[in-house]
Amino acid sequence: MKILGISASPRGSKSQTLRLVKAVLDGAKSAGADVELVDVCQLNIEYCNACQVCFKTGACNKKDDFQDLYEKILSSDGIVWGSPNYFRSVTAQMKTLIDRMADAIHCQLLTGKYCCNVATAGHGHEEVTDYLNAIMMNFGAFVVGSSGASMSEGPQAIEEAEKKAILLGKTLAEDIRVKRDYISQREMQEENRQYFMSLVKRNKAEWEHEYEYWNKLNWK
Ligand SMILES: Cc1cc2nc3c(=O)[nH]c(=O)nc-3n(C[C@H](O)[C@H](O)[C@H](O)COP(=O)(O)O)c2cc1C
């Protein structure tokens, strides 16, 4: 079982968000998972320029650190996404990574994977965990839960969030092991699949790779 943690604070080892990502990975490791941590701020990932080449061919034209990370994401059973709150959203580094995964939404490429999300903020970490929860569900993954801390609430807030993150890691590993079904998420995702399959059908001429992808799945 492979669980990947992605931290998107530019503050390196001083990051409180990184602390929460590590806590989830520690919890998952104690439950038997193989874990890996990536600091996305150490990578060179360019902006998506909406060329749609990935829709057509299944791969991005840009030669940077994205391809390796995307392979890691797609070969993981579980992914932990962590970002500080920067102006009521994720950091630019996290958003740049998400934008580069544009084909993941059309093809629902995180289907069968389990995610959890962590965030810290001055006040209002839920803005970021809610955002990440919604995006990961839209990519097709089941979201197991989230943990976060608002630093204005004092040191006990991050300590509590860290304890919760360790438990979250254990839940993540257990859910992967038993292939837990999240019924309401699955129902929402079945509607999403229908929507994206019809979108891809309508764009058959341009989005050749995505059309073939769904064709191989018998449009299910
Ligand atoms: C550019 C910038 C924008 C920020 N915007 C917000 C914000 O909108 N809301 C908030 O609660 N905190 C905001 N913060 C505070 C950070 O979210 C907070 O300090 C966080 O814990 C930093 O996480 P880190 O230690 O992982 O880097 C901002 C910080 C920076 C540097």
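Counting in this note's numbering, the sequence shown runs from 332 upward without gaps. Glycine included, C-beta positions come from ideal geometry on N, C-alpha and C.
- Not one heavy atom of ligand 1 is found less than 7 Å from the C-beta of residue 502.
- Sequence-distant partners of residue 473 (beyond 5 residues in either direction) whose C-beta falls short of 6 Å from its own C-beta, in its chain, are 445, 513 and 516.
- Not one heavy atom of ligand 1 falls within 7 Å of the beta-carbon of residue 477.
- DSSP places residue 452 in the uninterrupted beta strand (DSSP E) bounded by 445 to 452.
- Every alpha helix (DSSP H) stretch that sits fully inside the segment 332 to 368 and reaches 4 residues is listed by chain position as 347 to 361.
- In this structure, ligand 1 has a non-hydrogen atom nearer than 7 Å to the beta-carbon of residue 417.
- Bridge pairing for residue 480: 451 [DSSP].
- Secondary structure note for residue 411: its beta strand (DSSP E) is the uninterrupted segment 409 to 415.
- Rounded to the nearest angstrom, the gap between the Cα atoms of residue 405 and residue 482 is 33 Å.
- Assignment of residue 430 by DSSP, reduced to helix, strand and coil, places it in the helix class.
- Distances between the C-beta of residue 349 and the heavy atoms of ligand 1 include at least one below 7 Å.
- For the options 453, 409, 454 and 375, the alpha carbon positioned closest to that of residue 423 is the one of 375.
- For residue 441, there is no enclosing alpha helix (DSSP H), as DSSP marks it with neither H nor E.
- With a cut-off of 7 Å, the C-beta of residue 452 is classified as near ligand 1, since at least one heavy atom of the ligand falls inside that distance.
- Taking 7 Å as the cut-off, one finds no heavy atom of ligand 1 near enough to the beta carbon of residue 336.
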